[in-house]
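Below you'll find the structure, written out as structure tokens, and then a few comments.
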Amino acid sequence: MLGQWDIDQAICVSHTSKENTVLRSGISPDKVFMVPNAVDTAMFTPSSNRLSCDEIIIVVISRLVYRKGADLLVEVIPEVCRLFPKVRFIVGGDGPKRVRLEEMREKFSLQDRVEMLGAVPHAQVRSVLISGHIFLNSSLTEAFCIAILEAASCGLLTVSTRVGGVPEVLPDDMIVLAEPDPEDMVRAVRQAIDILPGIDPQIMHRRMKKLYSWDDVAKRTEIVYDRAMQSSNTNLRYLTCGAWAGKLFCLVMIINYLVWCLLEFLQPAEGIEEVPDIGPLHIHSDSVDDQCEAQRN
């Protein structure tokens with residue numbers, strides 16, 4: 001397999017993902033780094049008005065597919081509604097499993113307690129999240145799950161399946177984990193409802209600001225890229241790919257080098273105008289037209 005020989009460094013978003021990558025690909029663990037995802041805490045903020053617990057809203061925002069545990073939701077939602085009369089669900093997302101959720105709602109007459117929003121644009125995710133108390137994630141497999149970070153940043157307590165890298169995402173007091181089993185998920189929802197009065201959304205948001213930052217992710221990613229750039233020339237490693245494949249790869253590399261030399265002769269690099277590095281622009285939307293007009297002039 002070429003992949004394991006063609007990698008200088010690799011980045012995974014969780015320790016579980018790193019372990020799986022190393023086991024499946026045979027890459028040396030020294031070449032694989034864990035850099036988590038993050039969340040824009042300035043965008044995902046709690047509501048200024050704390051919600052009353054007289055009615056508890058459980059929010060689900062997910063693609064409604066098998067991998068995301070939509071079939072689990074079909075079994076969990078009716079049981080939670082039966083056990084807790086003051087609980088209501090808001091389900092955002094679309095997919096082939098949406099039909100099953102609609103059928104479940106009809107079967108158990110839950111039209112007043114399960115609201116189906118359909119696809120939710122990312123710009124509107126916060127407005128949906130802040131209308132709830134608990135975020136429910138039912139994924140069957142997940143390397144990380146940014147949706148959990150967005151919910152926690154909005155001050156929601158999370159109930160999630162214990163799969164993949166999910167247990168690494170939040171501190172234990174900010175998430176209730178369950179096995180991907182309907183009975184255990186109902187148990188986790190019950191536990192979350194019990195501890196909900198002690199959850200302060202503003203405190204949770206401040207903790208998320210300290211835990212996750214895209215600036216930190218960028219710095220850690222840059223370190224990995226620098227390390228990859230500084231690694232020694234390992235082109236001869238292709239020779240170990242097999243009796244013929246390795247030699248074929250080396251031949252392809254030689255041909256690529258000769259083509260590069262020919263192109264360099266026909267049009268030298270110093271004769272090609274470089275695009276100036278102007279850095280990121282932080283301008284208001286109402287001044288975009290002015291900036292474009294100035295550049296044209």
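Counting along the sequence shown from 1, when you hit position 110 you're at 110 in the UniProt record's numbering, and nothing is skipped either side. We treat Cβ as the ideally placed atom computed from N, Cα and C, and that holds for glycine.
Best match in the options for proximity to residue i [C-alpha to C-alpha]
i	options	result
D71	L101, D54, S52, V59	L101
residue 308	E179, C250, D54	Here the chain has residues from 1 to 297 only, and residue 308 is not among them.
E150	R187, M43, Q9	M43
P121	D94, V259, V163	D94
R63	Q267, P96, L110	P96
P29	G69, T16, E264	T16
A152	K107, R162, Y212	Y212
E168	V189, A143, R187, A188	A143
residue 298	W244, G26, E264, T161	Shown here, the chain extends from 1 to 297; a query on residue 298 therefore has no answer.
P46	L177, M253, A218, S127	S127
Limits of the alpha helix (DSSP H) - the one that residue i falls within
i	result
L73	70-83
T16	15-25
V169	Neither: V169 is in no alpha helix (DSSP H) and is coded neither H nor E.
I146	146-153
Residue i, DSSP secondary structure in three states
i	result
E115	strand
I90	strand
L129	helix
T221	helix
C12	strand
A42	coil
L211	helix
V120	coil
L177	strand
Distance between residue j and residue i (C-alpha atoms, nearest Å)
i	j	result
I56	D194	11 Å
G164	M204	23 Å
Q182	L156	It is Pro, not Gln, that sits at residue 182 in the sequence shown. Using only the alpha carbons, I get a separation of about 21 Å.
M185	Q191	10 Å
E270	C261	14 Å
S48	R206	14 Å
E75	K209	35 Å
L51	A228	48 Å
C154	A123	14 Å
V166	T141	9 Å
V59	T21	32 Å
Start-to-end residues for the beta strand (DSSP E) that takes in residue i
i	result
V99	That residue, V99, is in no beta strand (DSSP E); its alpha helix (DSSP H) goes 98-107.
H60	Note that residue 60 is Val in the sequence shown, not His. Segment 56-61, the beta strand (DSSP E) holding V60.
V32	32-34
I199	Careful: I199 lies outside any beta strand (DSSP E) and carries neither H nor E.
S160	157-161
L136	134-137
(request) Could you tell me whether the segment 110-128 touches the segment 76-91, using the rule of 3 or more Cβ pairs below 8 Å? (result) As far as the Cβ criterion goes, the segment 110-128 touches the segment 76-91, which means the pair count is three or higher.
(request) Inspect the CB distances between the segment 214-226 and the segment 18-37 and report whether three or more fall short of 8 Å. (result) With a cut-off of 8 Å, the segment 18-37 and the segment 214-226 count as touching, because enough Cβ pairs lie within range.
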